[in-house]
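Enquirer: My questions will all concern the structure given below.
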Amino acid sequence: DTAVSQTPKYLVTQMGNDKSIKCEQNLGHDTMYWYKQDSKKFLKIMFSYNNKELIINETVPNRFSPKSPDKAHLNLHINSLELGDSAVYFCASSQVWGVAPTDTQYFGPGTRLTVL
Amino acid sequence: RKEVEQDPGPFNVPEGATVAFNCTYSNSASQSFFWYRQDCRKEPKLLMSVYSSGNEDGRFTAQLNRASQYISLLIRDSKLSDSATYLCVVNGEGGGNKLTFGTGTQLKVEL
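For the record, the sequence lines run as chains A and B. Numbered by the working numbering, the letters in the first sequence go through residues 838 to 953 in order. Numbered by the working numbering, the letters in the second sequence go through residues 212 to 322 in order.
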């Protein structure tokens with residue numbers, strides 16, 4: 838059983854297009870995240886939702902818009918794609934949002950986005 | 212200064228060797244510390260949490276020095292399957308589960 842799943846796994850598209858990535862978790866977790874891992878392998882948080890409410894919104898261009906229709910799903914829509922958006926996007930989830938020192942984040946397999 | 216700094220490596224070691232990775236973090240308010248492992252073209256996975264008293268999980272030992280803001284990971288009796296990138300992770304500004312990842316240290320275990 839896949840705990841955190843993402844679709845699509847690969848996405849190749851032209852500059853200027855709009856695309857969406859979907860994420861679902863079946864762990865019953867309250868909190869979900871989007872991360873971006875660039876070509877230098879640096880993994881950086883973009884957004885976090887707790888029970889469908891946005892709680893982290895890092896300095897991300899507003900071309901990126903997350904949407905959480907329910908707490909098991911967190912989608913990422915990207916408008917007007919640019920070359921610099923090429924990266925691997927990981928979705929993750931954790932049980933709660935809080936200061937639990939051992940609250941593990943579980944990552945999806947990633948979506949490799951290539952903008953041409 | 213980066214929030215979490217690691218030596219990128221690669222560390223090339225023979226099977227059976229002991230290898231240690233270090234990491235420093237800048238946010239003195241950080242409360243939670245982890246080592247994650249990332250295999251090539253795969254997602255990060257939690258290897259172990261790091262506690263002030265130090266903790267061990269089989270061949271892996273993690274240490275935390277809050278005064279020096281320093282975290283370490285020791286791998287004993289390296290296996291080929293240990294080859295991966297090891298990510299040092301702390302909870303950053305804003306606390307909670309907002310994690311800040313280091314850029315990782317690459318380990319290659321060779322025959």
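Glycine residues also receive a C-beta, built at the ideal position from the N, C-alpha and C atoms.
(1) Answer yes or no: does any C-beta atom of chain B fall closer than 8 Å to that of D907(A)?
(2) Going straight from the alpha carbon of E254(B) to that of T316(B), what length do you get?
(3) I need the straight-line Cα distance from L864(A) to K881(A), nearest angstrom please.
(4) Tell me whether N888(A) counts as near the ligand NAP, meaning its Cβ is closer than 7 Å to at least one heavy atom of that ligand.
(5) For S930(A), does the count of other Cβ atoms within 10 angstroms reach 16, so buried, or fall short, so exposed?
(6) What does G315(B) reach in chain A if we use C-beta pairs closer than 7 Å?
(7) Within 10 angstroms of its Cβ, does C251(B) collect 16 or more other Cβ (buried), or is it exposed?
(8) Over what stretch of residues does the beta strand (DSSP E) that includes H914(A) continue unbroken?
(9) Anything in chain A within Cβ reach of K309(B), meaning under 8 Å, just list it in chain order.
(10) Quick check: what's the CA-CA separation for M852(A) versus R900(A)?
(11) Residues bridged to C928(A) by DSSP?
(12) Quick one: list the residues of chain B neighbouring T868(A), beta-carbon separation under 8 Å, in chain order.
(13) For a cutoff of 8 Å on Cβ pairs, would you count E254(B) as touching chain A?
(14) So L920(A) and V897(A) are supposed to be a Cβ contact under 8 Å. How far apart are they, rounded?
(15) If we define contact as Cβ-Cβ less than 8 Å, is F312(B) a contact residue for chain A?
(16) For L322(B), which option in K309(B), P221(B), Y236(B) and E226(B) has the closest C-alpha, if you only look at C-alpha atoms?
(17) Would you check if there are 3 or more beta carbon pairs closer than 8 Å linking the segment 838 to 848 of chain A to the segment 270 to 287 of chain B?
Expert: Working from what's here:
(1) Here residue 907(A) refers to the residue found at position 70 when the first sequence is read from its first residue. So no, D907(A) is outside the interface.
(2) In the second sequence, residue 254(B) corresponds to position 43, counting from 1. In the second sequence, residue 316(B) corresponds to position 105, counting from 1. Taking the straight line joining both Cα atoms gives about 15 Å.
(3) Against the first sequence, residue 864(A) aligns to sequence position 27. Against the first sequence, residue 881(A) aligns to sequence position 44. Approximately 23 Å, taken between the alpha carbons.
(4) Within the structure as shown, the ligand NAP is missing, as the structure has no ligands at all.
(5) Along the first sequence, one-based indexing puts residue 930(A) at 93. It counts as buried.
(6) Position 104 of the second sequence holds residue 315(B). The answer, in chain order, is K878.
(7) Translated into the one-based positions of the second sequence, residue 251(B) becomes position 40. The residue is exposed, with fewer than 16 neighbouring Cβ atoms inside 10 Å.
(8) Residue 914(A) sits at position 77 when you count from the first residue of the first sequence. It spans H910 to I915 - the beta strand (DSSP E) in which H914(A) sits, taken as one unbroken run.
(9) As a working mapping, residue 309(B) is identified with position 98 in the second sequence. Simply I882, S885 and I893.
(10) For the purposes of this step, residue 852(A) is taken as the residue at position 15 of the first sequence. For the purposes of this step, residue 900(A) is taken as the residue at position 63 of the first sequence. Take the alpha-carbon of M852(A) and the one of R900(A): they are about 13 Å apart.
(11) For the purposes of this step, residue 928(A) is identified with residue 91 of the first sequence, where counting begins at 1. According to DSSP, C928(A) bridges with W871(A).
(12) In the first sequence, residue 868(A) corresponds to position 31, counting from 1. N308, listed in chain order.
(13) Position 43 of the second sequence, counting from 1, holds the residue named residue 254(B). True, the Cβ-Cβ gap to chain A drops below 8 Å.
(14) Position 83 of the first sequence, counted from the first residue, corresponds to residue 920(A). Position 60 of the first sequence, counted from the first residue, corresponds to residue 897(A). Beta-carbon to beta-carbon, L920(A) and V897(A) are separated by about 16 Å, too far to satisfy the 8 Å threshold.
(15) As a working note, residue 312(B) is residue 101 in the second sequence. F312(B) counts as touching chain A.
(16) The count along the second sequence starts at 1 and reaches residue 322(B) at position 111. With distances taken between Cα atoms, L322(B) lies closest to E226(B).
(17) no
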